[in-house]
Amino acid sequence: MVFARHGEGVGGDLAALLSQVHPVFMLPPIAASWFGSMLAGEFSLALGAVHMTAIFAAVYTAHLKDGYVDFYLRGEDSDHPLSEPGCKRALAGASALFFVCLAALWYPVDAWAALLTLPTWLIAYHHAPQLDTNPITTTTGYPAGIALAILGGFYVQVGTLEPIALAFSLVFLVLLSGVKVIDDGQDYEYDRSIEKRTVAVALGPARARSAAYGLMVLALALVVGFALLRVFPPETTLAVLAFGVVAAISRRADPEVATMLLVRGAYVFLALLLAAVWFRPL
97 MVFARHGEGV GGDLAALLSQ VHPVFMLPPI AASWFGSMLA GEFSLALGAV HMTAIFAAVY
157 TAHLKDGYVD FYLRGEDSDH PLSEPGCKRA LAGASALFFV CLAALWYPVD AWAALLTLPT
217 WLIAYHHAPQ LDTNPITTTT GYPAGIALAI LGGFYVQVGT LEPIALAFSL VFLVLLSGVK
277 VIDDGQDYEY DRSIEKRTVA VALGPARARS AAYGLMVLAL ALVVGFALLR VFPPETTLAV
337 LAFGVVAAIS RRADPEVATM LLVRGAYVFL ALLLAAVWFR PL
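Using this note's numbering, you'd call the opening residue of the sequence shown number 97 and step up by one each time.
Next up, the structure:
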């Protein structure tokens, strides 16, 4: 077997590799890439597809590295579908795909297109074991990847950055950081036992939860402010209302249910923002 610890042949290897594809966490960065492309107003399908593939490769790298570190280095997981050599081969393959995409962006656009995309892989590869031990980087790593996906998706289409792209990336960085704090609260007891410094461990569950909802409120206020300043289309305020309702309901739930609600609320939030931008000319 080239990749798998369990199973046999090509089927076992394929199953092991696919086990590291987590749609719930992969779809938002890919959608953010397309969102950035659509914000630009001009849309090259080829460039959008290359950037999207680069983002996929970066997130897949993060999942591979996280699983490798948690099972083979930290001993936190009870099992892992990939063998240790298989993890390293898969990491090399995903990273190679990312850098091929980077070259494919550099040549037709410019060096800045590649430089705006490169940090997504750096965050992904170093998430474990470097970035996931600090409250700030543990919380902001994934949201920063989303923000960079928006910026990169925008830049590869038009070769520049404009206020609307910067504003949307800031909104998602703040909003998803709040969601991530709630998500980390699910593992508070375990993280505390291994001295993993999430925000919940650093501040305590109650204060961390308050900080998380404070970040989400700030993000929604930013959307309203940018709409008033005409940076965003006025219809984006509908996304604020929708996510606000979900967030209010989640306040009464435990961290697991709250995370489930907020993640789905974030999907709705993105979809409504996308619709507002798409129909802006109307």
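Note that CB positions come from ideal geometry on N, CA and C, so glycine has one too.
Closest by CA to residue i, which one among the options?
i: valine 373; options: Ala112, Glu331, Phe365; result: Glu331
i: glycine 274; options: Pro215, Gly255, Phe139, Ala308; result: Ala308
i: glycine 171; options: Leu325, Leu324, Ile290; result: Ile290
i: isoleucine 219; options: Gly107, Ile151, Leu325, Thr294; result: Ile151
i: leucine 269; options: Thr236, Ala296, Gly281, Phe250; result: Thr236
i: histidine 223; options: Leu160, Ala199, Glu138, Met148; result: Leu160
i: alanine 302; options: Tyr286, Ala338, Arg347; result: Arg347
i: leucine 314; options: Arg293, Val336, Ala296; result: Val336
i: tyrosine 286; options: Asp173, Ile126, Thr149; result: Asp173
i: leucine 187; options: Leu318, Ala158, Ala304; result: Ala158
i: leucine 366; options: Gly103, Pro124, Pro119; result: Pro124
i: isoleucine 246; options: Leu169, Gln282, Met148; result: Met148
i: aspartate 350; options: Ala304, Phe375, Gln282; result: Gln282
Express the C-alpha separation of residue j and residue i in angstroms, rounding to a whole number.
i: leucine 266; j: alanine 243; result: 7 Å
i: valine 205; j: isoleucine 278; result: 38 Å
i: alanine 298; j: proline 231; result: 7 Å
i: leucine 368; j: leucine 334; result: 7 Å
i: phenylalanine 194; j: valine 146; result: 9 Å
i: aspartate 162; j: leucine 262; result: 29 Å
i: phenylalanine 322; j: phenylalanine 121; result: 27 Å
i: valine 320; j: aspartate 175; result: 46 Å
i: alanine 371; j: alanine 240; result: 23 Å
i: alanine 362; j: tyrosine 156; result: 21 Å
i: glycine 340; j: aspartate 280; result: 21 Å
i: glycine 300; j: tryptophan 217; result: 31 Å
i: valine 359; j: threonine 233; result: 19 Å
i: leucine 325; j: glycine 105; result: 59 Å
i: leucine 212; j: valine 252; result: 9 Å
i: phenylalanine 139; j: serine 115; result: 33 Å
i: alanine 200; j: glutamate 352; result: 40 Å
i: alanine 154; j: valine 117; result: 12 Å
i: threonine 355; j: lysine 276; result: 8 Å
i: aspartate 109; j: glycine 189; result: 14 Å
i: isoleucine 345; j: alanine 207; result: 45 Å
i: tyrosine 284; j: serine 306; result: 15 Å
i: alanine 296; j: proline 259; result: 33 Å
i: leucine 316; j: isoleucine 126; result: 22 Å
i: phenylalanine 99; j: alanine 209; result: 33 Å
i: leucine 141; j: lysine 292; result: 42 Å
i: glycine 107; j: leucine 357; result: 35 Å
i: threonine 294; j: tyrosine 203; result: 40 Å
i: leucine 143; j: leucine 318; result: 30 Å
i: histidine 102; j: proline 329; result: 51 Å
i: serine 191; j: proline 215; result: 13 Å
i: phenylalanine 375; j: alanine 304; result: 37 Å
i: valine 196; j: arginine 288; result: 40 Å
i: proline 119; j: glycine 310; result: 28 Å
Hey, could you find the ends of the alpha helix (DSSP H) residue i is sitting in?
i: tyrosine 251; result: 231-254
i: serine 191; result: 180-202
i: glutamate 352; result: 351-374
i: proline 177; result: Where proline 177 is concerned, there is no enclosing alpha helix (DSSP H), given that its DSSP letter is neither H nor E.
i: phenylalanine 167; result: Phenylalanine 167 -> no alpha helix (DSSP H), and no H or E assigned at all.
i: glutamate 285; result: 284-289
i: threonine 216; result: 207-222
i: alanine 317; result: 301-324
i: alanine 136; result: Segment: none, alanine 136 is in no alpha helix (DSSP H) and carries neither H nor E.
i: valine 327; result: Counting along the chain, valine 327 falls outside any alpha helix (DSSP H), and DSSP gives it neither H nor E.
i: threonine 333; result: 333-346
i: alanine 263; result: 259-280
i: alanine 111; result: 105-114
My assumption, with CB atoms under 8 Å, is that residue i sits in contact with residue j. Please give the rounded CB distance.
i: valine 327; j: alanine 136; result: About 15 Å separates the two Cβ atoms, so there is no contact after all.
i: alanine 112; j: leucine 178; result: 5 Å
i: phenylalanine 264; j: leucine 257; result: About 11 Å separates the two Cβ atoms, so there is no contact after all.
i: leucine 272; j: tyrosine 238; result: 7 Å
i: methionine 312; j: alanine 338; result: Between alanine 338 and methionine 312 the Cβ distance is about 13 Å, and since that is not below 8 Å, they are no contact.
Exercise. Should the region 130-137 be regarded as contacting the region 182-202, the criterion being three or more beta carbon pairs within less than 8 Å?
Worked result: Taking a contact to require three or more Cβ pairs closer than 8 Å, the region 130-137 and the region 182-202 do not qualify as touching.
Problem set entry | Cβ contact (3+ pairs, closer than 8 Å) linking the region 153-168 and the region 222-238 | Contact annotation: the region 153-168 touches the region 222-238, with at least three C-beta pairs closer than 8 Å.
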